[in-house]
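Participant:
Numbering (the working numbering), first residue to last: 159 to 297.
#1: Could you check where the alpha helix (DSSP H) with residue 274 kicks off and where it finishes?
#2: Report buried or exposed for residue 228, applying the criterion of at least 16 other Cβ atoms within 10 angstroms of its Cβ.
#3: I need the DSSP call for residue 266, collapsed to helix, strand or coil.
#4: Looking at residue 242: is its Cβ nearer than 9 Å to the Cβ of residue 271?
#5: Counting along the chain, where does the alpha helix (DSSP H) carrying residue 223 start and finish?
#6: I'd like the span of the alpha helix (DSSP H) that includes residue 166, first residue to last.
#7: Which stretch, first to last residue, makes up the alpha helix (DSSP H) that contains residue 178?
#8: Take residue 160 and list the residues in its own chain whose beta-carbon comes closer than 7 Å to its own, dropping the five residues that flank it on each side.
#9: Spatial neighbours of residue 251 within its chain, please: C-beta separation below 6 Å, excluding the five flanking residues on both sides.
#10: With the cut-off set at 9 Å, would you say residue 266 and residue 215 are in Cβ contact?
#11: Have a look at 231, 219, 172 and flag the residue whose alpha-carbon is nearest the alpha-carbon of residue 256.
#12: Would you please state the rounded distance, in angstroms, between the beta carbons of residue 295 and residue 285? I believe it to be under 8 Å.
#13: Output the boundary residues of the alpha helix (DSSP H) element that contains residue 296.
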């Protein structure tokens, strides 16, 4: 929902109140998992839960490689991904976070929101990890 609200507040006309009110409904422009082809302002489509972390880790790794090649002054940016509790139930998120930590990708910024909901119901049915401790362990 955050990306749709930000697009609305910054004037992207396709994300008016009507689009926001139809959040996560079939056929809605604000479907819940944004698709890059649907609207300007959405730079990457991530697909299933956990893929956004992998996508952002790849962007942060690319930033590191470019900064090494061209210098920090030429390449100075962060990669951001909003990570939800459902994302952390997927193995790809663990692998991507582990690579990011091992590589010291300090420009990967990952705000975490845990609303206790997964795709198939309450997250407590399938997820009991301490996300803070897990990410501290990854470095």
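Backbone N, C-alpha and C define an ideal beta-carbon position, used for all residues, glycine too.
Facilitator: Quick answer:
#1: Here residue 274 is taken as the residue at index 116 of the chain shown, counted from 1. Counting along the chain, residue 274 falls outside any alpha helix (DSSP H), and DSSP gives it neither H nor E.
#2: Counted from its first residue, the chain shown places residue 228 at position 70. Classification of residue 228: exposed, given that the 10 Å Cβ count is below 16.
#3: Taking the chain shown and counting its residues from 1, one reaches residue 266 at position 108. Residue 266: strand per DSSP, three-state reduction.
#4: The residue you call residue 242 lines up with position 84 of the chain shown. The residue you call residue 271 lines up with position 113 of the chain shown. Taking 9 Å as the Cβ cut-off, residue 242 and residue 271 qualify as a contacting pair.
#5: Locating residue 223 in the chain shown gives position 65, where the first residue counts as 1. Looking at the DSSP string, the run of the alpha helix (DSSP H) that includes residue 223 is 209 to 228.
#6: Residue mapping note: residue 166 aligns to position 8 of the chain shown, counting from 1. Its alpha helix (DSSP H) spans residues 160 to 167.
#7: Mapped onto the chain shown, residue 178 falls at position 20. 175 to 179 is the extent of the alpha helix (DSSP H) around residue 178.
#8: In the chain shown, the residue the question calls residue 160 occupies position 2. Contacts found: 240.
#9: Along the chain shown, read from residue 1 onward, the residue named residue 251 stands at position 93. If we look at residue 251 and ignore the five residues flanking it on each side, its Cβ neighbours are 208, 211, 245.
#10: Counting from one through the chain shown, the residue named residue 266 turns up at place 108. Counting from one through the chain shown, the residue named residue 215 turns up at place 57. Yes. Within cutoff.
#11: Along the chain shown, one-based indexing puts residue 256 at 98. When each option's Cα is compared against that of residue 256, the closest is 219.
#12: Here residue 295 refers to the residue found at position 137 of the chain shown. Here residue 285 refers to the residue found at position 127 of the chain shown. Going by Cβ atoms, the distance from residue 295 to residue 285 rounds to 17 Å, so no, they are not a contact pair.
#13: Along the chain shown, read from residue 1 onward, the residue named residue 296 stands at position 138. Start and end: 289 to 296.
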